[in-house]
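Read through the structure below, which is laid out as structure tokens, and then see the notes.
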Amino acid sequence: MPSYLGGYTNTETKLDFTGQPQESITYHKRDSNSSVLTTTELFTYTPQGRLLTHTHQVNNNPVEVLVHNTYDALGQLVTKQVGGDETYVQNIGHLQTVDYQYNIRGWLKQINDVEDLTTTNDLFAFKINYDT
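Numbering (the working numbering), first residue to last: 11 to 142.
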């Protein structure tokens, strides 16, 4: 899509047969004098179609892991590991891990541990109590 400055933004997305994006490449040029900025996003899924990983790369910079999800046997999101380039993730781990807990009915009851934010380095936590 051209802009009034002479630049443009074009996006190409590869979908699988179910319509889920596998790869998305965005070409962005701010104006006619600037260089093209290329952003590549890759997506992987579980066999059930749930998002497993989402990575992001700008030009030739290192690939950043935006999210790596883990699911339980019922398909509920249990852990979301967020951030970090691939080398950092392989050597140290993700920048943040978000843990999800559910009650017997499958309702979300807690994100991270509200009792212990210091040893896990979580940035936030909350607990939900349902009136049943």
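Backbone N, C-alpha and C define an ideal beta-carbon position, used for all residues, glycine too.
Residue j beta carbon less than 8 Å from that of residue i
i, j, result
"HIS38", "LEU47", "yes"
"GLY16", "SER42", "yes"
"GLY29", "GLN58", "no"
"PRO23", "PRO12", "A quick correction: the sequence has Thr, not Pro, at residue 23. No; because the gap between Cβ atoms is not below 8 Å, this pair is not in contact."
"LEU87", "TYR110", "yes"
"VAL73", "THR63", "no"
"LYS137", "LYS119", "yes"
CB-CB length for residue i against residue j, believed under 8 Å
i, j, result
"VAL124", "GLN106", "16 Å between Cβ atoms; not a contact."
"THR49", "THR36", "4 Å"
Residues bridged to residue i [DSSP beta-bridge criterion]
i, result
"ASP95", "GLU74"
"ILE144", "This structure cannot speak to residue 144, because the chain is shown only from 11 to 142."
"PHE27", "Per DSSP, none; premise fails for PHE27."
"TYR18", "PRO12 and LYS39"
"THR48", "TYR37"
Interface flag, residue i vs chain D, CB-CB below 8 Å
i, result
"ASN69", "As a matter of chain content, chain D is missing from the structure shown, which is built from one protein chain."
Q) Taking only runs of the beta strand (DSSP E) that begin and end inside the stretch 55 to 86, which ones reach a length of at least 3 residues, in chain order? A) Look at the stretch 55 to 86 and you find these whole runs of beta strand (DSSP E), each 3 residues long or longer: 61 to 68 and 74 to 81.
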